[in-house]
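Protein chains in written order, with the working numbering: chain A, 976 to 1356; chain B, 62 to 588.
Even for Gly, the Cβ is constructed at its ideal location relative to N, Cα and C.
Fair warning: this is a prediction, and the values are worked out from it, not measured in the lab.
Single-structure report; data block below.
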């Protein structure tokens, strides 16, 4: 339906997007939990349906007696109320019977829980770290590490262009895992509490700074599975989705190889001679992903919470402190350490902030090269 | 229970002072009850306006009306204002009006403290609301204010939030002590503990819960204050602290708090169902025991709010079983209400409509609570809209419907005038439809996978969110009708008799309508 609208006036276009798009796109039949694709998620689904039908049965029983009274025992039909106000047998019955139903329910639930808590090592162990507002994935055996950021365009969020099929559930880099292997996730966080939820695997574990929680899964079916952050973690809580791609083993091996090559290429970049222009353009990409949420596109920050970088004395004139803040974070403030970024990324993003918003003209205009970061990391005597 | 009242000497008692000082200096339980009720109504409308902003933003996918930062401030303030400003003060207001009249006491036991406990409340909420205009904005970390989002990462206004919570806590503790002391010492001769009306029982238990857990909340916010300003690391992992500790402390307060907001509702609904069934309440003593067991169990189930934080297996199983156990006494209460209606002689005035809706919809909320207790399933429900649907079902058609039922039921006694039955019923049906259209679809949204506290969402959640928003607007605007009905009743209307409802039982129905400024200066004689 968007094609026929393409040539019309932009405001009409936005109107249509605003009011018609959700109706045209969405799903009236998304009513129930999905079964998921693992043995555990199936068991969880069965438990959910069991307790659901028990609740329905209880509800129907109780409400039908009540509605019968509402129908049959009105003042008109039953002018003289009955006199009873206790019945010990009945009261004992409706204490004991629910108790037994609950036990019948709690036993299978406990059994499934014991299975979920099987905490033996996986074939592949992936450390998942929550950041405001992205996820980091580190493959502990393969030395692979990357961040997954929301890839939905801001224009889609602000209704300027049509929303894509995977609006708010797409990322710039998916977690890739092989089918049929036991994957263990070691879940933690770097700043505030997040929660890593993948409904198809029935995994939801809070990512808590200072703690490592574990969860595991074995997925047989290749495919792309989507999840979300489920613990309020600040402004962009709704904008840090999770996407896992399950592939066959050989495809996975190839992916691992590619990731390693990428890492090597990045290492080579560190020793390259950089121009200010190269650093700035690379830095802008890094800034847009990592910094813009707080410090804003304009570098103005948000008054009272996130300091402005435009016109900041540190950014303009104090290269050493500038590097130090990115490496160590600021104690007691929302600014965390970004030392997990590569030397090239750090140098370019710092250079970008030092060269943008008039900072270069007002300050010393110096650039930071990857070597500066390497030097900073050298043990200080 | 029957009573003989000697009312004649009360006619020459002094009445209320004139002007604003009547309200500022009052130590009269009825005046203070009125103040509490109007205050909570004001907060209900403010918190409701915030809910309207939330639902307007969620009307469709995309960011339309507010920014995510402000959205988070709205969800935080909406929760805090509705809980601490809407529901709790409304119940305290009802306790003030009703407890002394129900037990045949002349007033609350500690009238000056009663005045203080009310008058610090407006300041608490002024401080909280003023944070909206501060640099960095209002608290934005959810009403559960989990550290470290509420400490290291909080806006500067968090300090004002902490102060405001301290004041609310002090007010609640004072109110609770007052209720306990009144009930324990001022019952008229013959009103034994097991003869007390259930509303009085429910408030006695609630008051003990408040005294037990409000200091825990105060402790939690004080630890936050220390972390923020005095360099401690209670909740800061980098300093050796423990963010999960915060959740344990918070929910040790938070779960009993849930029952603080529902026990008085149990009391109210018991009275109303009894009255309009024209039949003695079924199972009085089992009602009392059920409330006591719910209250005691509420201290050993807190971690069911934390099933996903990585508790040990044994803890998960313990808290699952303990939580499910609560369904037993809760079930007993529901069965008792139904048995009271059974073979009664029912009429359906507005309070009864609200009370019946309470039983049905609270039960639905209770059943979804049972589902949430199943730990493996909770891994899928936790922090989704399923939870939002669950707690709104127990709080809106639960706690709030019971408050509305109470207002319709007792307002003839308070004001001396009957409310407009036709408008009351209209208000009920609009609210009933509105509440269900708002919150029922949220079960679907949650099961389909939408987390709570999201300012924007993927397209598969769009349809039911839109329905939910439409319901919310209907419910929200219907409450202006409630305001109108209350004002209309206070200002005039058909005069009420002292009995008001032909099936009503209890001492409050033995005094004139409107209730004289001072009642039971001499204790009534109760058989």
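Same chain, Cβ closer than 8 Å to residue i, five either side skipped, listed in chain order
i                      : result
residue 198 (chain B)  : 130, 131, 134, 192, 216, 218
residue 1012 (chain A) : 1175, 1176, 1194, 1195, 1196, 1198, 1200
With 16 other Cβ atoms within 10 Å as the buried cut-off, status of residue i
i                      : result
residue 1028 (chain A) : exposed
residue 357 (chain B)  : exposed
residue 545 (chain B)  : exposed
residue 1298 (chain A) : buried
residue 998 (chain A)  : Residue confidence is low: residue 998 (chain A) scores 48 on pLDDT, short of 50, so the model does not pin down where it sits. Its coordinate-derived value is still stated next. It counts as exposed.
residue 320 (chain B)  : buried
residue 1342 (chain A) : buried
residue 483 (chain B)  : exposed
residue 420 (chain B)  : buried
residue 81 (chain B)   : exposed
residue 126 (chain B)  : exposed
residue 70 (chain B)   : With a pLDDT of only 48 at residue 70 (chain B), under 50, the local geometry of the prediction cannot be trusted, and the value read off the model is given with reservation. Burial call: exposed.
residue 427 (chain B)  : buried
Neighbourhood of residue i by C-beta, 6 Å cutoff - its chain only, sequence neighbours within 5 removed
i                      : result
residue 1139 (chain A) : none
residue 1221 (chain A) : 1152, 1154, 1194, 1197, 1198
residue 1211 (chain A) : 1108, 1268
residue 366 (chain B)  : 312
residue 1218 (chain A) : 1146, 1149, 1201
Distance, residue j Cα to residue i Cα
i                      : j                      : result
residue 353 (chain B)  : residue 1189 (chain A) : 38 Å
residue 182 (chain B)  : residue 236 (chain B)  : 11 Å
residue 1008 (chain A) : residue 432 (chain B)  : 13 Å
residue 1235 (chain A) : residue 1119 (chain A) : 7 Å
residue 1097 (chain A) : residue 1191 (chain A) : 7 Å
residue 424 (chain B)  : residue 1206 (chain A) : 27 Å
residue 1154 (chain A) : residue 526 (chain B)  : 35 Å
residue 292 (chain B)  : residue 364 (chain B)  : 28 Å
residue 497 (chain B)  : residue 414 (chain B)  : 15 Å
residue 459 (chain B)  : residue 1033 (chain A) : 19 Å
residue 307 (chain B)  : residue 85 (chain B)   : 38 Å
residue 1160 (chain A) : residue 110 (chain B)  : 42 Å
residue 175 (chain B)  : residue 97 (chain B)   : 11 Å
residue 381 (chain B)  : residue 570 (chain B)  : 44 Å
residue 1084 (chain A) : residue 370 (chain B)  : 18 Å
residue 1000 (chain A) : residue 214 (chain B)  : Residue placement at residue 1000 (chain A) is flagged as unreliable, the pLDDT there being 48, under the threshold of 50; the coordinate-derived value follows with that caveat. Spanning the two alpha carbons is a distance of roughly 37 Å.
residue 389 (chain B)  : residue 1073 (chain A) : 6 Å
residue 1110 (chain A) : residue 539 (chain B)  : 43 Å
residue 492 (chain B)  : residue 144 (chain B)  : 19 Å
residue 442 (chain B)  : residue 490 (chain B)  : 30 Å
residue 556 (chain B)  : residue 477 (chain B)  : 6 Å
residue 106 (chain B)  : residue 115 (chain B)  : 14 Å
residue 274 (chain B)  : residue 1337 (chain A) : 56 Å
residue 554 (chain B)  : residue 335 (chain B)  : 26 Å
residue 1169 (chain A) : residue 461 (chain B)  : 32 Å
residue 417 (chain B)  : residue 1270 (chain A) : 53 Å
Contacts around residue i, its chain only, beta-carbon distance under 7 Å, and the 5 residues preceding and following it disregarded
i                      : result
residue 595 (chain B)  : Residue 595 (chain B) cannot be examined here, being either before or after the span of chain B that is shown, 62 to 588.
residue 1018 (chain A) : 1087
residue 387 (chain B)  : 355, 358, 362
residue 1326 (chain A) : 1251, 1254, 1255, 1258, 1342, 1343
residue 227 (chain B)  : 279, 282
Chain D contact for residue i (CB, 8 Å cutoff)
i                      : result
residue 1296 (chain A) : Looking at the structure shown, chain D is missing, and the protein chains on hand are A and B.
(message) If contact is defined by three or more beta carbon pairs under 8 Å, each pair taking one atom from either stretch, is the region 533-549 of chain B in contact with the region 100-119 of chain B?
(response) In short, these stretches touch, since the Cβ pair count reaches three.
(request) Pick out the complete alpha helix (DSSP H) segments inside the region 430-494 of chain B, 4 residues or longer, and give them in chain order. (result) For the region 430-494 of chain B, whole alpha helix (DSSP H) runs of length 4 or above, ordered along the chain, are 436-442, 446-455, 462-476.
(request) May I have a chain-ordered list of the alpha helix (DSSP H) segments no shorter than 4 residues that lie completely inside the region 508-577 of chain B? (result) Counting only runs of 4 or more, we get 523-552.
(request) Return the chain-ordered ranges of every beta strand (DSSP E) run that is complete within the region 1092-1142 of chain A and spans a minimum of 3 residues. (result) With a minimum length of 3 residues, the continuous beta strand (DSSP E) runs that stay inside the region 1092-1142 of chain A are 1099-1106, 1109-1114, 1119-1123.
(request) Pick out the complete alpha helix (DSSP H) segments inside the region 328-390 of chain B, 4 residues or longer, and give them in chain order. (result) You should have 345-358, 374-386.
(message) Contact between the region 334-351 of chain B and the region 393-405 of chain B is defined here as three or more beta-carbon pairs at a separation below 8 Å; is this criterion met?
(response) Note that the region 334-351 of chain B touches the region 393-405 of chain B; at least 3 beta-carbon pairs, one per stretch, sit closer than 8 Å.
(message) Contact between the region 1221-1233 of chain A and the region 1287-1295 of chain A is defined here as three or more beta-carbon pairs at a separation below 8 Å; is this criterion met?
(response) At 8 Å Cβ cutoff, the stretches do not touch.
(request) Could you say if the region 471-485 of chain B and the region 400-420 of chain B meet the contact criterion of at least three C-beta pairs nearer than 8 Å? (result) Taking a cut-off of 8 Å on C-beta distances, the region 471-485 of chain B touches the region 400-420 of chain B, as three or more cross pairs fall below it.
(message) With three or more C-beta pairs closer than 8 Å as the rule, is the region 145-161 of chain B touching the region 322-337 of chain B?
(response) Output reads yes: the region 145-161 of chain B touches the region 322-337 of chain B.
(request) For the region 1236-1245 of chain A and the region 1297-1315 of chain A, state whether three or more C-beta atom pairs, one from each stretch, are separated by less than 8 Å. (result) Verdict: no, contact absent.
(request) Count the CB pairs spanning the region 546-553 of chain B and the region 507-516 of chain B that are closer than 8 Å, and state whether there are at least three. (result) In this structure the region 546-553 of chain B does not touch the region 507-516 of chain B; the number of beta carbon pairs closer than 8 Å is below three.
(request) Mind the definition here: the region 1339-1353 of chain A touches the region 1275-1285 of chain A only if three or more C-beta pairs lie below 8 Å; say whether that holds. (result) The way I'd put it, the region 1339-1353 of chain A doesn't touch the region 1275-1285 of chain A; fewer than three beta-carbon pairs between them come closer than 8 Å.
(request) Write down every uninterrupted run of the alpha helix (DSSP H) in the region 298-329 of chain B whose length is 4 residues or greater and which is fully enclosed by it, in chain order. (result) DSSP runs (the alpha helix (DSSP H)) wholly in the region 298-329 of chain B: 304-321.
(message) Just to confirm the assignment: which complete alpha helix (DSSP H) runs, minimum length 4, are found wholly within the region 203-283 of chain B?
(response) Correct list: 219-246.
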